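**Q**
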Amino acid sequence: MSNAKYKFYYVNGETEELETNEQYSDEANSILKLQLIQNATWLQAGGKHINLANVISIEYTGEKGNHKSESIKFRPNK
């Protein structure tokens, strides 16, 4: 298994991929969804704090075993 990765798409057109310290899992994916549902303002990933007001969408990716999972896109609530 690999660590989970977030790919951020920013309002200014830039993208950034950051690896987390957490293993890729359905539980980590659920935690991210819960944070977004609760209108989180900041998200920590890759040693950075990301202001979600500047983010259009987030892809959560990782690998389980030998196959790569499909990316899941989220749209943060504004």
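If you count by UniProt numbering, then the sequence shown holds residues 1 to 78, one letter each, in order. We put the beta carbon where it would ideally sit given N, CA and C, even for glycine. Remember, predicted model here, so these are calculated numbers, not experimental data.
1. Quick one: what does DSSP say Q38 is sitting in, helix, strand or coil?
2. Between the C-alpha atoms of N12 and A53, what's the straight-line distance to the nearest angstrom?
3. Which one of E17, S25, N21 has the shortest CA to CA distance from E63?
4. Would you mind working out which of N51, E59, G47, I56 sits nearest N21, comparing C-alpha positions?
5. Name the two residues that bound the continuous beta strand (DSSP E) containing N12.
6. Who are the near neighbours of N3 in its chain, counting only those whose CB is closer than 8 Å to its CB and skipping five residues on each side?
**A** Checking against the coordinates, here is how it stands:
1. coil
2. Approximately 12 Å, taken between the alpha carbons.
3. S25
4. G47
5. Per DSSP, N12 belongs to no beta strand (DSSP E) and is neither H nor E.
6. E19, T20, N21, E22, Q23, Y24, G62
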